[in-house]
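Heads up: the structure comes next, in structure tokens.
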Amino acid sequence: MTESVPFSEVCIVGAGPSGLACALGLAARNVPFTIIDALPEGHNDSRSVLMHASALETLELTHPKLCEALVTAGVTSKSVPQVNKKGDVVFEVRISELAPHTKYPFCLLLSQHKVEACMREHLPQSVQWGTRLAAIAEAETANGAGLGYELTFTSGEKLRARYVVGADGGKSLVRGFAGIRYSDPHTGEEAVPSPRDLSYVVSDVEFAEPLPSSIARDTLQLVAGEGILTAPLLPSEAAFYGSHPVKNCFRLYVGIPDGNPPSAPDAAYLQPILQARGPGSEVGVAMVPQIVRVLHSARFRTRVALVDRYWHRSRAGTGYILLAGDAAHKHGPAGGQGLNLGVCDGCELAEAIATHRAQPAEAETDEVFEAYSTRRRDIAQQVIAMVDRMTESELGAGDGWGPYIRQRLVRLAAKVPAVNAMLAWQVSGMAYRKRNQ
Numbered sequence: 002m003t004e005s006v007p008f009s010e011v012c013i014v015g016a017g018p019s020g021l022a023c024a025l026g027l028a029a030r031n032v033p034f035t036i037i038d039a040l041p042e043g044h045n046d047s048r049s050v051l052m053h054a055s056a057l058e059t060l061e062l063t064h065p066k067l068c069e070a071l072v073t074a075g076v077t078s079k080s081v082p083q084v085n086k087k088g089d090v091v092f093e094v095r096i097s098e099l100a101p102h103t104k105y106p107f108c109l110l111l112s113q114h115k116v117e118a119c120m121r122e123h124l125p126q127s128v129q130w131g132t133r134l135a136a137i138a139e140a141e142t143a144n145g146a147g148l149g150y151e152l153t154f155t156s157g158e159k160l161r162a163r164y165v166v167g168a169d170g171g172k173s174l175v176r177g178f179a180g181i182r183y184s185d186p187h188t189g190e191e192a193v194p195s196p197r198d199l200s201y202v203v204s205d206v207e208f209a210e211p212l213p214s215s216i217a218r219d220t221l222q223l224v225a226g227e228g229i230l231t232a233p234l235l236p237s238e239a240a241f242y243g244s245h246p247v248k249n250c251f252r253l254y255v256g257i258p259d260g261n262p263p264s265a266p267d268a269a270y271l272q273p274i275l276q277a278r279g280p281g282s283e284v285g286v287a288m289v290p291q292i293v294r295v296l297h298s299a300r301f302r303t304r305v306a307l308v309d310r311y312w313h314r315s316r317a318g319t320g321y322i323l324l325a326g327d328a329a330h331k332h333g334p335a336g337g338q339g340l341n342l343g344v345c346d347g348c349e350l351a352e353a354i355a356t357h358r359a360q361p362a363e364a365e366t367d368e369v370f371e372a373y374s375t376r377r378r379d380i381a382q383q384v385i386a387m388v389d390r391m392t393e394s395e396l397g398a399g400d401g402w403g404p405y406i407r408q409r410l411v412r413l414a415a416k417v418p419a420v421n422a423m424l425a426w427q428v429s430g431m432a433y434r435k436r437n438q
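Per our numbering, the very first residue in the sequence shown carries number 2; after that it's consecutive.
In structure tokens:
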């Protein structure tokens, strides 16, 4: 029966940034693939809004026109200032200092749904939407010869593939089938929901005109120690929610250290938080941005997790499960690292699959996947550690003198040009660039 099941060399499960990046990389190398997603169509959550130089440079290797389209569609933030509750700059990371090293010396502020839409426009084939994975089994012939993996969907349809890419998020079914452990890198315990998980609200809002001087119109901005982040978006971003263009369209991130926010927070919930913790809140009401309306909002809880390895081989040695994006790692939203880490995972995985596929059967072919796993896992560990430090800075010093002193030292050190350049190098992901880029 297995021989009658349709075959695809690669099946990518998940059409988010990491899955789409892998698909684009495979298409550029003429590797046949199928990409599926359980959603009816497209991304509909309001989470990431930030692309760094690392992701743009990696995508540019195979799709330079895509990067041009992304930059045109977004706002280029050349620095990341942290301000106090008066709106005064405490310190800033000057991303523009990367200009000698990259053509993308900025943070690109662009909603994830627009990033994904641009990526799909440059993909030579369509995503198979509404295709939910139910099970994966090792495929064999009647005489027991391995045939890779057989995927079964909730519709009852089946597909056989040699390579199965798990880009299906933190609750990855693909990872679960492979038996790959997903644990907290700090404790070694399984990453499961916990009261310690951070809650935050992500909203797209329209602020009243005129904007107070306490909020930046052209840069990402953090309120130091208060867990408030604002990111200006192009007026056209509002069209995604069926609205006319909005002049003061902003992405608003709000950390909720205590309590449980509503599932879709409205202005009545968000505005008092801005009045208490937002930019200008220590000066007076006139200096705090006022929400005219909430275009979209959602709450999220996040935890830290990392897989033991990024790949698994079938018993027969003819099939491979490979992980990318949140299926392999998870961390908080600080620094906007998730989308970028996932895109770079996907691009490098496409290269690894193409290399593996081109090698002769007698070669020690698994080395390419082991190298991918080792490199990407090491980078994820470093990013998780960096995000932990950034979260401490964004949400407050915490208990005791230790965190407070660390924050003060970072802010003083950031005034030194060499240190500031190092921070930009790390936040942008350029520190993890492959040597051949």
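Don't be surprised by glycine CBs; every beta carbon is placed ideally from N, CA and C.
Give the straight-line distance between the Cα atoms of residue i and residue j, rounded to the nearest whole angstrom.
i      : j      : result
ALA398 : GLY256 : Residue placement at ALA398 is poorly supported in this model, since its pLDDT is 48, which falls under 50; the coordinates still yield a value, given next. Each residue's Cα considered, the two are about 14 Å apart.
ALA137 : SER127 : It should be pointed out that residue 137 corresponds to Ile in this sequence rather than to Ala. For ILE137 and SER127, the distance between alpha carbons rounds to 22 Å.
PHE154 : LEU424 : 45 Å
GLY243 : LEU25  : 29 Å
GLY167 : LYS331 : 14 Å
LEU323 : VAL289 : 47 Å
PRO18  : GLY343 : 6 Å
TYR433 : GLU190 : 27 Å
PHE8   : HIS357 : 18 Å
ASP89  : SER215 : 7 Å
VAL224 : GLN382 : 26 Å
THR3   : LEU221 : Caution applies to THR3, whose pLDDT of 48 falls short of 50 and renders its modelled position unreliable; the value that the coordinates give is listed next. Going by the C-alpha atoms only, they are around 53 Å apart.
THR77  : PRO418 : 21 Å
MET120 : ILE181 : 29 Å
LEU275 : ASN31  : 50 Å
ALA143 : TYR321 : A caution first: ALA143 carries a pLDDT of 49, below 50, which makes its placement in the model too unreliable to give a value.
Check for me: the beta strand (DSSP E) holding residue i runs from which residue to which?
i      : result
PRO273 : Looking at the DSSP string, PRO273 is not in any beta strand (DSSP E); the run it does join, the alpha helix (DSSP H), is 268 to 278.
GLU141 : 134 to 141
ARG294 : 292 to 303
THR35  : 34 to 37
HIS313 : 312 to 314
THR77  : 76 to 78
Just grab the DSSP bridge partners of residue i for me.
i      : result
CYS250 : GLU207
PHE92  : GLN83
CYS12  : THR35 and VAL165
SER200 : ILE257 and ARG302
GLY151 : The identity of residue 151 in the sequence shown is Glu, whereas the question assumes Gly. The partner list for GLU151 (beta bridge, DSSP) reads ALA138 and ARG161.
HIS330 : LEU307
ILE322 : VAL165 and HIS313
MET52  : LEU109
VAL224 : VAL84 and ILE229
Using 8 Å for Cβ pairs, my map puts residue i next to residue j. What's the rounded Cβ distance?
i      : j      : result
LEU174 : ALA162 : The Cβ separation is near 15 Å, so there is no contact.
VAL308 : GLN338 : VAL308 to GLN338, Cβ: 17 Å. No contact.
CYS23  : LEU350 : 5 Å
Measuring CA to CA, which of the options is closest to residue i?
i      : options                           : result
ARG300 : THR188, PRO262 and HIS187         : PRO262
SER200 : GLY333, LYS435, ALA29 and LEU21   : GLY333
GLY228 : GLU207, ALA277 and TYR183         : ALA277
GLU141 : TYR150, ARG390, ARG133 and LEU134 : TYR150
ALA268 : HIS297, VAL193 and VAL286         : HIS297
THR231 : ASP198, PRO101, ARG316 and CYS250 : CYS250
THR327 : ALA306, THR319 and ARG310         : Correcting the residue type first, residue 327 is Asp in the shown sequence and not Thr. Of the candidates ALA306, THR319 and ARG310, the one whose C-alpha sits nearest the C-alpha of ASP327 is ALA306.
LEU271 : SER204, SER215, GLY226 and ALA217 : SER204
PHE370 : ALA362, GLU352 and ALA386         : GLU352
VAL206 : ALA240, THR188 and LYS159         : ALA240
GLU393 : LYS86, PRO258, VAL193 and LEU124  : PRO258
LYS104 : SER112, VAL72, PRO82 and LYS115   : VAL72
Could you give the residue range of the alpha helix (DSSP H) that holds residue i?
i      : result
GLN338 : 338 to 359
TRP426 : 418 to 428
VAL284 : Element bounds for VAL284: n/a, residue is neither H nor E.
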